[in-house]
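In my numbering, the protein residues as written are 682 to 945.
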Amino acid sequence: MVTILGRPGTVVVTGGASGIGLATVERLLDGVADRCAVLDLRPDREVVGRLAERFGTDRISALACDVADQDAVAGAVDRLAQAGPIAGLVNCAGTLLAKPSLDITLADLHRLFDVHVAGSLFAAQAVARTWIARNEPGAIVNLSSVASSFGWPGRLPYPIAKTGTEAMTRTLAVEWARWRIRVNAVAPGTVDSPLMAEGRRPPGVKPIEEVVDRHALGRAAAPSEIADAITFLLSESSSFMTGAVVPVDGGFTITKDSAKELTR
Ligand SMILES: NC(=O)c1ccc[n+]([C@@H]2O[C@H](COP(=O)([O-])OP(=O)(O)OC[C@H]3O[C@@H](n4cnc5c(N)ncnc54)[C@H](O)[C@@H]3O)[C@@H](O)[C@H]2O)c1
Numbered sequence: 682m683v684t685i686l687g688r689p690g691t692v693v694v695t696g697g698a699s700g701i702g703l704a705t706v707e708r709l710l711d712g713v714a715d716r717c718a719v720l721d722l723r724p725d726r727e728v729v730g731r732l733a734e735r736f737g738t739d740r741i742s743a744l745a746c747d748v749a750d751q752d753a754v755a756g757a758v759d760r761l762a763q764a765g766p767i768a769g770l771v772n773c774a775g776t777l778l779a780k781p782s783l784d785i786t787l788a789d790l791h792r793l794f795d796v797h798v799a800g801s802l803f804a805a806q807a808v809a810r811t812w813i814a815r816n817e818p819g820a821i822v823n824l825s826s827v828a829s830s831f832g833w834p835g836r837l838p839y840p841i842a843k844t845g846t847e848a849m850t851r852t853l854a855v856e857w858a859r860w861r862i863r864v865n866a867v868a869p870g871t872v873d874s875p876l877m878a879e880g881r882r883p884p885g886v887k888p889i890e891e892v893v894d895r896h897a898l899g900r901a902a903a904p905s906e907i908a909d910a911i912t913f914l915l916s917e918s919s920s921f922m923t924g925a926v927v928p929v930d931g932g933f934t935i936t937k938d939s940a941k942e943l944t945r
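See below:
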C-alpha cells in the first residue's frame, strides 16, 4: 500500500457519499490511503456498505455531519482523530442553486456560502488542529470550479462561493505553511454527478448542456477524472505545491467557441 504523505492515516472526505467525493474515496482506498472517513449530510448506507464490502469494513467509516455546523465538524474530526492519525482532507461537500440573479435572497447567498466556504474552512480548521497538536504535516484539497472564472447566468451564489474557496485556499496555504500543511484546490469543469443533474432543470435559466458544449474536449468529466487530480494534490508527488488552484476542466477555461470550431 502506498500511503499518501508517506505515512498511514485516515483521509477525511466531506461530501464523500456522492459524485466527486465518492469517486475520491474509491480512488484513495484503491491502494493509496489506509482509511477514508466520509462526512456527509446524508451518508447513504447502501453506498457505504458497498465501499465496506469492496475495501474492508475497517477501512471506511461514515458520519452524518453538516459541514456548515462548526461544532459538529470539530466533534466529528475529534472522534476520528482519537481513533488514529488523519492524513488528509478533501472538501467535496457542496450544492448548486439555479435562480435568476434578480431573485437572489440573503438566504440563497448564505446557503451556498455556508457549505462551500464556511464548511470547507471548518473542516480544514478541525484537521489542521490535529496536525498542529501532533506536529505532523498534512494536505488539504478544496473544490473550486470553473464557475469562479466566467459569467454563468442564473447561478450567481455558486461562483461567488467558489471565488471565496479559491481566496481561502491561497490564504490558508500561506498561513499554515509554517506547520507543513499544504492547501490546494482543483477547479473542475462540468462533471457528470448528481450535483449537475440537480441543475439541469432550473426555472428561468439555461440548461447545463450549454456549458458542457464549451469544453475543448467536448464532454463532461467522469467524477473519477477529478478524483485522480485530487489524489495527486494529496500525495507526496505534489510536495512542492501549495496555494494552487488547478483547472481540471477539459480545456473549458482556454476554449473560445470560435477556436473550437476551427478544430472540428
Ligand atoms: N459536478 C460538477 O460539475 C462540479 C464542477 C465543479 C466543481 N464541483 C464541486 O465539487 C464538489 C462535489 O460536487 P459533486 O458534483 O460531487 O456533488 P454531489 O451532489 O454529487 O455531492 C455533494 C455531496 O455533498 C453533500 N453535502 C451537501 N451539503 C452538505 C453539507 N452542508 N454538509 C455535508 N455534506 C454536504 C451531499 O449530501 C452530497 O453527498 C462541490 O463542491 C461542487 O461544487 C462540481
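All residues carry an ideal CB built from backbone N, CA and C; glycine is no exception. On a predicted model such as this, the values are computed, not experimentally measured, just so you know.
Sheet register partners of residue i (DSSP bridge)
i: Arg716; result: Thr691
i: Asn823; result: Asn772 and Ala866
i: Asp721; result: Ala745
i: Ile767; result: Thr691
Collapsed DSSP secondary structure at residue i in the structure displayed
i: Arg863; result: strand
i: Pro640; result: No statement about residue 640 is possible, as the shown extent of the chain runs from 682 to 945 and does not include it.
i: Leu709; result: helix
i: Val748; result: coil
i: Ser742; result: strand
i: Ala762; result: helix
i: Ile813; result: helix
i: Ala807; result: helix
i: Ala755; result: helix
i: Ile935; result: coil
i: Ser830; result: helix
i: Ser801; result: helix
i: Pro818; result: coil
i: Ser919; result: helix
i: Ala897; result: coil
i: Ser782; result: helix
i: Ala698; result: coil
Limits of the alpha helix (DSSP H) - the one that residue i falls within
i: Pro928; result: Element bounds for Pro928: not the alpha helix (DSSP H) but the beta strand (DSSP E), Val926 to Val929.
i: Thr850; result: Pro838 to Trp857
i: His791; result: Leu787 to Phe794
i: Ala910; result: Pro904 to Leu915
i: Arg735; result: Arg726 to Phe736
i: Val893; result: Glu890 to Val893
Neighbour flag for residue i against chain D, beta carbons, 7 Å
i: Pro689; result: Among the chains of the structure shown, chain D does not appear; only one protein chain is present.
Pick from the options that is closest to residue i, judged by C-alpha positions
i: Arg792; options: Leu777, Ser801, Phe933 and Ala733; result: Leu777
i: Ala714; options: Gly696, Arg740 and Arg723; result: Arg740
i: Ala799; options: Ala910, Val927 and Thr695; result: Thr695
i: Phe803; options: Val758, Ala858 and Gly769; result: Val758
i: Phe736; options: Leu837, Leu710, Leu744 and Ala755; result: Leu710
i: Val929; options: Arg851, Ala908, Ala745 and Arg708; result: Ala908
i: Gln806; options: Val864, Lys780, Leu837 and Gly835; result: Val864
i: Pro781; options: Trp857, Leu790 and Arg815; result: Leu790
i: Leu761; options: Ser920, Ala842 and Arg810; result: Arg810
i: Ile935; options: Val796, Arg895 and Ile701; result: Arg895
i: Ser830; options: Asn816, Thr846, Phe913 and Arg815; result: Thr846
i: Val927; options: Leu914, Ser920, Ser918 and Phe921; result: Leu914
i: Pro724; options: Ser742, Gly712, Arg716 and Arg708; result: Ser742
i: Ala842; options: His797, Val693 and Glu734; result: His797
i: Glu906; options: Ala698, Gly702, Thr691 and Gly690; result: Gly702
i: Leu783; options: Leu837, Leu876 and Thr850; result: Leu837
i: Arg900; options: Pro869, Ala820 and Arg859; result: Pro869
i: Leu824; options: Ala745, Thr705 and Thr691; result: Thr705
i: Gly832; options: Ala866, Val892 and Ile813; result: Val892
i: Pro875; options: Ala903, Gly700 and Phe921; result: Gly700
i: Glu734; options: Glu707, Ala768 and Gly835; result: Glu707
i: Ala774; options: Trp812, Asp721, Gly756 and Val872; result: Asp721
i: Gly924; options: Ala788, Trp857, Cys746 and Ile813; result: Trp857
i: Ser919; options: Pro904, Arg861, Glu727 and Ala897; result: Arg861
i: Arg815; options: Pro840, Ala910 and Ala768; result: Ala768
i: Pro840; options: Ala903, Ala779 and Gly931; result: Ala779
i: Thr850; options: Arg716, Asn772 and Thr871; result: Asn772
i: Val827; options: Trp812, Val867 and Pro689; result: Val867
i: Ala750; options: Met922, Phe794, Gly765 and Ala820; result: This sequence places Asp at residue 750; Ala is not what is there. Of the listed residues, the one whose Cα sits closest to Asp750 is Phe794.
Host beta strand (DSSP E) of residue i (start-end)
i: Gly775; result: No beta strand (DSSP E) holds Gly775; DSSP gives it neither H nor E.
Residue i CB to nearest heavy atom of ligand 3 below 6 Å
i: Arg723; result: Ligand 3 is absent from the structure shown, which contains only ligand 1.
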